[in-house]
Structure formats: structure tokens, C-alpha cells
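Which chain is which? The protein sequence lines are A and B, in order. Terminal number for the first sequence in the numbering used here: 145, no gaps in between. Terminal number for the second sequence in the numbering used here: 359, no gaps in between. For every residue, glycine included, the Cβ atom is placed at its ideal position computed from N, Cα and C. Quantities reported herein were computed from a predicted structural model and do not represent experimental measurements. Below is one structure, written out as C-alpha cells, with a few remarks after it.
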Amino acid sequence: AQTVTQSQPEMSVQEAETVTLSCTYDTSESNYYLFWYKQPPSRQMILVIRQEAYKQQNATENRFSVNFQKAAKSFSLKISDSQLGDTAMYFCAFMKPIEGAQKLVFGQGTRLTINP
Amino acid sequence: SQTIHQWPATLVQPVGSPLSLECTVEGTSNPNLYWYRQAAGRGLQLLFYSVGIGQISSEVPQNLSASRPQDRQFILSSKKLLLSDSGFYLCAWNQRWPGNQETQYFGPGTRLLVL
């Protein structure tokens, strides 16, 4: 069964620092997608970054980047120059096919607080 | 551009009452649509998904049902709510990118409190 594990329930850093959120997953699929979503207090789920498993190059979106280690089944998110607006729950997710559709399997989340 | 709407935003219902939550997508056609539920402080769990009008698949047995009466409309229902139905309900749709890549985008969600 596909599972996603986020081992850090909570993290806290100072504004402008760099922070890395951990995520590991388990799957027998050879090709798949991984995602990081951000959920601020409004609870809207916002896509932060996505990674295709067949791509060796790590995805980057402005201050957000991932460290994708396929053999280790690890997918960490690095936030550089953190800002107060980055305060949110962050969810790692794995996408698996299900009968003509795609299902996201989520980790339990990491609550990130950026302090001024 | 594509947008996804959900209503109501917040709902407080007594135990045993019926439920209808609505999700509508604009700016796309024939999307795959999904209902997820999020318990307090936890990740999301897929409840239902639909690949077309009238086509509903259930991921977990529960007190809820779903329907897709139109291409871009997805409805979550219950005949009699239970306390355990309380939670945050999110609708999502799949966008397909070139190269058969897919990404799910979420609506703003509905907070349901069953008392």
C-alpha cells in the first residue's frame, strides 16, 4: 500500500532563515508524481511544487525547491528566505492511478511557523 | 482560466438532518472531480471521485453519497448526518498537462459541524 510519512509534526524558524520539511513515501509504482501543498489558516489547499518521478532534476519554484531521492523514497521541501506568509500546514502527497482517475495520498502534515 | 467553487463555506447541522454540498468547476470540460475530507489537524482522505456525468466511485464506505448531474458539477450528500461526519470537505479537479502529467487543484472547502 502506498503511504506518505511526514516525521515532523511542527517546525518553527525565524524569518529569512531556510527550513527543510521531510517526507518519505512507500510505493511499488515505477512512475508517479509527488506534490507539496500548503494549507494556510484559511484552509485552502494551495499547490506549492510538483515532481515527476522519472525526472532526475529536482523541481524548483522561486524560493521553494525539493530534494528528490528516488532510491531512498524521500521528497523533502526546502524553503529559502522564509517569509511570515509561509506560515501554514504543509502536506506532502503522492499521486497514484485509480481506474481512469488519479488519487492523492497525503501525509499527516507539518505545521510550520515563521517567527518575526 | 479554471476556477473551482464550493458552497456553502460553512454549515452547522443537527444530527439526523440531510446534507448537500455543491462543487462547480469553470473554464474546463470533462474534468475528473474528487471529494476529500479532512479531519481536524490531519491530512486529506479521498471519499469519492468521478470521471464523467453519472459516474461515481467510492473510496471508503460511509454515510455519504455523491452525484454528478452535470459535467462540471459534483455534489456530496447525506440522508442523515452523523456526528462523525463533521470535518472540512474539499472538492478538487485534475488538470492534465502535456506529456500526460496531472495535477489536482482544490476548491476553498466547506466546514461542516454536526451537533
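If you check the beta carbons only, do residue i and residue j fall under 8 Å apart?
i	j	result
glutamine 348 of chain B	tyrosine 278 of chain B	yes
alanine 117 of chain A	glutamine 37 of chain A	no
leucine 308 of chain B	serine 321 of chain B	yes
leucine 255 of chain B	leucine 359 of chain B	no
threonine 34 of chain A	glycine 136 of chain A	yes
serine 111 of chain A	threonine 47 of chain A	yes
phenylalanine 395 of chain B	methionine 74 of chain A	Residue 395 of chain B falls outside the range modelled here, since chain B spans only 245 to 359, and no answer is possible.
Indicate whether at least one CB of chain B lies closer than 8 Å to the CB of residue i.
i	result
methionine 124 of chain A	yes
glutamate 39 of chain A	no
glutamine 80 of chain A	no
glycine 138 of chain A	yes
tyrosine 62 of chain A	yes
phenylalanine 135 of chain A	yes
glutamine 73 of chain A	yes
phenylalanine 120 of chain A	yes
leucine 76 of chain A	yes
alanine 117 of chain A	no
Quick test of your reading: residue i and residue j, contact by CB under 8 Å. State the CB separation rounded to the nearest angstrom.
i	j	result
leucine 106 of chain A	isoleucine 78 of chain A	7 Å
alanine 100 of chain A	phenylalanine 64 of chain A	So it is not a contact: roughly 20 Å between Cβ atoms.
glutamine 282 of chain B	threonine 354 of chain B	Wrong, their Cβ atoms sit about 11 Å apart, outside the cutoff.
glutamine 158 of chain A	threonine 56 of chain A	Because residue 158 of chain A is not part of the residues shown, which for chain A are 30 to 145, the question remains open.
serine 245 of chain B	glycine 285 of chain B	32 Å between Cβ atoms; not a contact.
leucine 325 of chain B	glutamine 257 of chain B	5 Å
phenylalanine 292 of chain B	alanine 310 of chain B	4 Å
Is there at least one Cβ from chain A nearer than 8 Å to residue i's Cβ?
i	result
threonine 254 of chain B	no
glutamine 257 of chain B	no
phenylalanine 318 of chain B	no
glycine 271 of chain B	no
arginine 312 of chain B	no
glycine 260 of chain B	no
serine 347 of chain B	Looking at the sequence shown, residue 347 of chain B is not serine but threonine. Interface residue, yes.
arginine 286 of chain B	yes
Problem - Short-range partners of chain B found in the region 83 to 101 of chain A, where Cβ spacing is below 7 Å - result: Within the region 83 to 101 of chain A, no residue has a Cβ that lies closer than 7 Å to any Cβ of chain B.
Exercise for the section: Identify every run of the beta strand (DSSP E) within the region 59 to 123 of chain A, keeping only runs that are complete inside it and at least 3 residues long; order them along the chain. Expected result: Entirely contained in the region 59 to 123 of chain A, the beta strand (DSSP E) runs reaching 3 residues are, in chain order, 62 to 68, 75 to 81, 93 to 98 and 103 to 108.
Exercise for the section: Could you run through the region 289 to 309 of chain B and flag, in chain order, every residue whose CB is less than 7 Å away from some CB of chain A? Expected result: So the list reads Leu290, Tyr293, Val295 and Ser301, given in the order they occur along the chain.
Problem - Residues, ordered as in the chain, of the region 331 to 342 of chain B that lie near chain A by beta-carbon distance below 7 Å - result: The region 331 to 342 of chain B vs chain A, Cβ under 7 Å: Phe332, Leu334 and Asn338.
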